[in-house]
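Enquirer:
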Amino acid sequence: VAFELGISEITVKAHRGRVMRKMEAKSLPDLVNMAARLGLAH
Numbered sequence: 032v033a034f035e036l037g038i039s040e041i042t043v044k045a046h047r048g049r050v051m052r053k054m055e056a057k058s059l060p061d062l063v064n065m066a067a068r069l070g071l072a073h
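Numbering-wise, my numbering comes out as the position in the sequence shown, counting from 1, plus 31.
1. Skipping 5 residues on each side, what residues in its chain have a beta carbon closer than 8 Å to that of residue 72?
2. Who are the Cβ neighbours of residue 54 in its own chain at under 7 Å, not counting the five residues just before and after it?
3. So for residue 71, helix, strand or coil by DSSP?
4. Do you know how far the Cα of residue 33 is from the Cα of residue 39?
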């Protein structure tokens, strides 16, 4: 993901962490399931 966006891996992890906090996701699989339910995941 980082390479495709032209950003560092640390930046991706930071953004993911912020999204997880805002969505109150307990884990990455939990966040992925939320995204799928909302129609945000492919």
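A virtual CB, placed ideally from N, CA and C, is assigned to each residue, including glycine. The structure presented is a predicted model; accordingly, all values stated were derived computationally and were not measured.
Expert: Let me lay it out:
1. 63, 66
2. 62, 65
3. coil
4. 6 Å
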